[in-house]
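Residue numbers (the working numbering): -12 to 488. Note that the Cβ used here is the ideal one computed from N, Cα and C, for glycine as well. The model shown is predicted, which means the values in this text are computed figures rather than measured ones. The next block holds one structure in the form of structure tokens; read it before the comments.
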Ligand SMILES: [Zn+2]
């Protein structure tokens, strides 16, 4: 057998893998919006079965023979970028499937529920010590698995690579150091200069807010024939059900925050459902996972959705549709959505401080896996970093180390993707502006589609064929670079603002 025959095997396995993933998406969507309590147990069994079948695909004799052959083919020899992506993805799934020690994985899966319960209990009692042994166990099993999958690599590099493929911990750390320094300088300048103090904006009618937010998402280019809105969940998320089917789930709320949730999720949805036909035929649709997907969502939430030009166009419409906003001048709304204030909570953090929350969690994980930080000292180390980076100290563990469910919920080595999303956005924004220099004027006139079309043509159509590193190099000619994002923030928060005053 030769390259073409093995490639055919890879394609077929990939199809099946994607079908299982789509079923898992459907389950997740259902679990958060309509699964009845007494249906949970059977669903868990079904989901576990699907998960096992999905991974077993890559342990078959065919998969092993294809892996043996394709490991000997250098990526440079594969001219077609879709095929290159298929082979790269295949080899990485195969490695995970055959090298993950089954007993360690079983141990990990068995403790998951207890780990989550311990986290919940620890939160209720504001006491990290209840969760500590579970965190230690989860991290250590993860480390064991990572070392088995890639014995030649430090464990944390493998773990980070499972979310953000192709990035090394060293490269991420270098850019995070630059970002951290720049963000703290911006924060310092803003605190010294003082920001306009604005009263919070009250909630309005949830039905009206949902109608407005969903219209804005559609006007970005999110097409109803490729998705839809479901407002029956507690946190916003997007389900990638199929190559032309990405559904947005949100909460019901009269808060203007719903607008940004809808723009964010529409970004994920448009990215996921915007692959080209050849990419879909190869089963490589949906976008690059991790920080790069997040970048596509945050681009519409922040770079577009928080821009002055966007609100110059949409604010009069918001006032027209929701009468409460007629009492609030655009300037006040703009200031409220740009208030920069260090807080203890990551999920409600502003555009300037947000990345610091993600960076410090990444650093804690990195230090743990490097053997420099013990589970026993995690809560203290967390508080010290908050004090150092943001100037505030949690008063208890629930405000601190216990605030995110990630470590209890198998999202270990994941936090970097939130800050990476911002870094990529700075780079993407520069690339867009090079081709659409009058982007702001266009947006101010309500012409947002040229930007969406740019994203589709330059990013979305390629699905998940490339790694984020390859994609960003294609767009900008550079690798990961925190500089553009810092310049964007400096311009927006330091220069523009005070010129206007
Ligand atoms: Zn997101």
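- Scanning its chain for C-beta atoms nearer than 6 Å, with the 5 sequence neighbours on each side dropped, one finds around residue 131 the residues 91, in chain order.
- Per DSSP, residue 20 lies in no beta strand (DSSP E) segment; the continuous alpha helix (DSSP H) that holds it begins and ends at -10 to 20.
- Between residue 413 and residue 320, the beta carbon gap of about 25 Å keeps them out of contact (Cβ cut-off 8 Å).
- Closer than 7 Å to some heavy atom of ligand 1: that describes the Cβ of residue 281.
- At least one heavy atom of ligand 1 falls within 7 Å of the beta-carbon of residue 255.
- Close CB contacts of residue 392 within its chain, under the 7 Å cut and outside five residues either way in sequence, are with 106 (chain order).
- Boundaries around residue 236 are those of the beta strand (DSSP E), 232 to 236, since no alpha helix (DSSP H) includes it.
- The beta carbons of residue 176 and residue 227 sit about 40 Å from each other, so the pair does not count as a contact at 8 Å.
- Following the DSSP letters along the chain, one finds residue 217 inside the beta strand (DSSP E) bounded by residues 214 to 217.
- The beta carbons of residue 288 and residue 435 sit no closer together than 8 Å.
- Membership of residue 225 in the beta strand (DSSP E) is indicated by the continuous run 224 to 229.
- Closer than 7 Å to some heavy atom of ligand 1: that describes the Cβ of residue 251.
- If the five residues before and after residue -6 are omitted, its C-beta is found closer than 6 Å to no C-beta atom of its own chain.
- Secondary structure at residue 311: helix, using DSSP grouped into helix, strand and coil.
- Sequence-distant partners of residue 438 (beyond 5 residues in either direction) whose C-beta falls short of 8 Å from its own C-beta, in its chain, are 291, 419, 423, 426, 429, 430.
- Approximately 35 Å separates the beta-carbon atoms of residue 188 and residue 115; this is outside 8 Å, ruling out the contact.
- A straight-line Cα-Cα distance of about 43 Å links residue 223 and residue 59.
- The alpha-carbon separation between residue 56 and residue 74 amounts to approximately 11 Å.
- By the Cβ criterion, the stretch 302 to 315 is not in contact with the stretch 337 to 349, since fewer than three pairs of Cβ atoms, one from each stretch, lie closer than 8 Å.
- Using a cutoff of 7 Å, the CB of residue 204 does not count as near ligand 1, since none of the ligand's heavy atoms is closer than that.
- In the structure shown, residue 115 adopts helical secondary structure according to DSSP, grouped into three states.
- The beta carbon of residue 284 sits closer than 7 Å to at least one heavy atom of ligand 1.
- Assignment of residue 179 by DSSP, reduced to helix, strand and coil, places it in the helix class.
- Here residue 91 carries a helix assignment [DSSP, helix/strand/coil].
- For residue 348, the enclosing alpha helix (DSSP H) starts and ends at 341 to 356.
- Within the model, the alpha-carbon separation for residue 172 versus residue 395 is close to 33 Å.
- In the pairwise beta carbon analysis, the stretch 258 to 273 is classified as not touching the stretch 299 to 306: fewer than three pairs are separated by under 8 Å.
- In this structure, DSSP gives residue 384 a state outside helix and strand, which the three-state scheme calls coil.
- By the criterion of at least three beta-carbon pairs nearer than 8 Å, the stretch 455 to 470 is in contact with the stretch 146 to 154.
- About 10 Å separates the Cβ atoms of residue 99 and residue 128, ruling out a contact at the 8 Å cut-off.
- When the five nearest sequence neighbours on each side are left out, the beta carbons in the same chain lying within less than 6 Å of the beta carbon of residue 252 are those of 223, 225, 235, in order along the chain.
- Selection 342, 403, 283, 479 evaluated against residue 147 yields 403 as nearest (Cα-Cα).
- In the three-state reduction of the DSSP assignment, residue 379 falls in the coil class.
- Counting along the chain, no alpha helix (DSSP H) covers residue 220, and no H or E run does either.
- In the three-state reduction of the DSSP assignment, residue 106 falls in the helix class.
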